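Residue numbers (my numbering), protein chains in the order written: chain B, 1 to 167; chain G, 1 to 174.
See below for the structure under consideration.
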């Protein structure tokens, strides 16, 4: 009898502790938007992790905050403004295009242009230099021309005889 | 000759940039709240939860808002500095007890001393978000009009106090 009671208690205890899993996402639509937005935001505690991926306490709080904003019907821009008003542009992985971020956005293009400019200049200089020292570009004197013509005509007969030798 | 000096020039420019980079702390993110009105809130006081405190009550005074928590390790480094500052009565220090349990916070204050004129309890960290708190401790200097004039991230040390905070408070009190 006692073992039976113990068994029953053990069974009951199991039921008491087994609780239903808390749903991760209350509303899948909100959760998807949360992931989309927070994937583009920096977690200020870990800095190299996005707000969506971070397990920092602050990231949890900010995700909760963004969830409330989404539920309230704020659009993505309004949510980003909410966060930059408090944490600054640093929270955005993709900073906005404005006066203070001009160099940040255009810097790579400027460097590319600068590099292309230098390359172009170098290539032009080199082609000019090589033209100046090009041996084919030298004017031949009268005597040289005569020698050349002689050499060329001398060259021809052995070529034809060579052909004849083969056949 | 100048052709051979080019790499040296580029190298020196890089050295300067990297050298400046070494002196900067990437954890110190400039706050957009400096120069703006301190966000309003109304929170229960830590010692008497039935009573509330709101920054609006501080209009006309220069004050410091220090975000702290009993679980925060660097707050312990900072604490003696604040206790000493509170003895000089130069500036009222108000504490924002961030995401803390009341019993832990009260025990912490009895153990290490209480430099705060009063502390408020921000249990869920909502007000911390309003103030852009991302690493406790953080300290704000707020002027008579209720505008945030300075934010210090991390523990306040004697150097920051003497070089920046105290001169600013003297300036704001003029």
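The beta carbon of each residue, even a glycine, is placed where N, CA and C say it ideally should be.
Given the structure is predicted, the values throughout are model-derived calculations rather than measurements.
(message) Counting beta carbon pairs with one atom in the segment 65-74 of chain B and one in the segment 11-22 of chain G, are three or more of them shorter than 8 Å?
(response) The segment 11-22 of chain G is not in contact with the segment 65-74 of chain B.
(message) Would residue 86 (chain B) pass as an interface residue toward chain G - the criterion being a Cβ-Cβ separation below 7 Å?
(response) Along the first chain, read from residue 1 onward, the residue named residue 86 (chain B) stands at position 86. True, the Cβ-Cβ gap to chain G drops below 7 Å.
(request) Could you have a look at residue 170 (chain G) and say whether DSSP puts it in helix, strand or coil? (result) Here residue 170 (chain G) refers to the residue found at position 170 when the second chain is read from its first residue. Assigned with DSSP and collapsed to three states, residue 170 (chain G) falls in helix.
(message) What does the Cβ neighbour count give for residue 176 (chain G), buried or exposed, with the cut at 16 atoms within 10 Å?
(response) This structure leaves residue 176 (chain G) out entirely; chain G is present only between 1 and 174.
(request) Could you pull the start and end residues of the beta strand (DSSP E) that residue 15 (chain G) belongs to? (result) By one-based count along the second chain, residue 15 (chain G) stands at place 15. Careful: residue 15 (chain G) lies outside any beta strand (DSSP E), inside the alpha helix (DSSP H) at 2-23.
(request) Figure out for me which residue from B:64, B:1 and B:42 has the closest Cα to the Cα of residue 27 (chain B). (result) Position 27 of the first chain, counted from the first residue, corresponds to residue 27 (chain B). For the options B:64, B:1 and B:42, the alpha carbon positioned closest to that of residue 27 (chain B) is the one of B:64.
(request) Find the residues of chain G that neighbour residue 90 (chain B), judging by a C-beta separation of less than 9 Å, and give them in chain order. (result) Walking along the first chain from the start, residue 90 (chain B) turns up at place 90. One finds 29 and 30 in chain G with Cβ atoms closer than 9 Å to the Cβ of residue 90 (chain B), taken in chain order.
(message) Does the CB of residue 146 (chain G) have a neighbour CB from chain B at under 7 Å?
(response) Here residue 146 (chain G) corresponds to residue number 146 of the second chain, with the count starting at 1. With 7 Å as the cut-off, residue 146 (chain G) does not count as an interface residue toward chain B.
(message) Could you give the first and the last residue of the continuous alpha helix (DSSP H) run that contains residue 81 (chain G)?
(response) Translated into positions along the second chain, residue 81 (chain G) becomes position 81. DSSP places residue 81 (chain G) inside the alpha helix (DSSP H), whose first and last residues are 73-88.
(request) Work out the CA separation of residue 80 (chain G) and residue 129 (chain G) for me, nearest whole Å. (result) On the second chain, position 129 is the one that residue 129 (chain G) refers to. On the second chain, position 80 is the one that residue 80 (chain G) refers to. Taken atom to atom, the span from the alpha-carbon of residue 129 (chain G) to that of residue 80 (chain G) is near 26 Å.
(request) Give the interface partners of residue 62 (chain B) over in chain G, defined as CB-CB distance under 8 Å, in chain order. (result) One-based indexing of the first chain puts residue 62 (chain B) at position 62. Within chain G, the residues placing a beta-carbon under 8 Å from that of residue 62 (chain B) are 129, ordered along the chain.
(request) With DSSP as the reference, label residue 187 (chain B) as helix, strand or coil. (result) There is simply no residue 187 (chain B) to check, as chain B begins at 1 and stops at 167 in what is shown.
(request) Please list the residues of the segment 104-137 of chain G that have a C-beta atom closer than 9 Å to any C-beta atom in chain B, keeping them in chain order. (result) Correct list: 124, 125, 126, 128, 129, 130, 131, 132, 133, 134 and 135.
(request) Tell me, please, whether the CB atom of residue 58 (chain B) is closer than 7 Å to any CB atom in chain G? (result) For this step, residue 58 (chain B) is matched to residue 58 along the first chain. Cβ-Cβ to chain G under 7 Å: yes for residue 58 (chain B).
(request) Would you mind giving the Cβ-Cβ distance between residue 90 (chain B) and residue 42 (chain B), rounded to the nearest angstrom? I have them listed as a contact below 8 Å. (result) As a working mapping, residue 90 (chain B) is identified with position 90 in the first chain. As a working mapping, residue 42 (chain B) is identified with position 42 in the first chain. Contact annotation, residue 90 (chain B) with residue 42 (chain B): C-beta distance approximately 7 Å; criterion of less than 8 Å satisfied.
(message) For residue 22 (chain G) and residue 40 (chain B), what's the separation of their Cα atoms in angstroms?
(response) Within the second chain, residue 22 (chain G) is the residue found at index 22, counting from 1. Within the first chain, residue 40 (chain B) is the residue found at index 40, counting from 1. About 27 Å.
(message) Rounding to the nearest angstrom, what Cα-Cα distance links residue 107 (chain G) and residue 52 (chain G) in this structure?
(response) For the purposes of this step, residue 107 (chain G) is taken as the residue at position 107 of the second chain. For the purposes of this step, residue 52 (chain G) is taken as the residue at position 52 of the second chain. Rounded to the nearest angstrom, the two C-alpha atoms are 21 Å apart.
(request) Apply the 10 Å Cβ neighbour rule to residue 1 (chain B) and answer buried if 16 or more other Cβ atoms are within range, or exposed otherwise. (result) One-based indexing of the first chain puts residue 1 (chain B) at position 1. Classification for residue 1 (chain B): exposed.
(request) Taking only the alpha-carbon atoms, compute the straight-line gap between residue 39 (chain G) and residue 44 (chain B) and give it to the nearest angstrom. (result) The residue labelled residue 39 (chain G) in the question sits at position 39 within the second chain. The residue labelled residue 44 (chain B) in the question sits at position 44 within the first chain. Residue 39 (chain G) and residue 44 (chain B) have their C-alpha atoms some 20 Å from each other.
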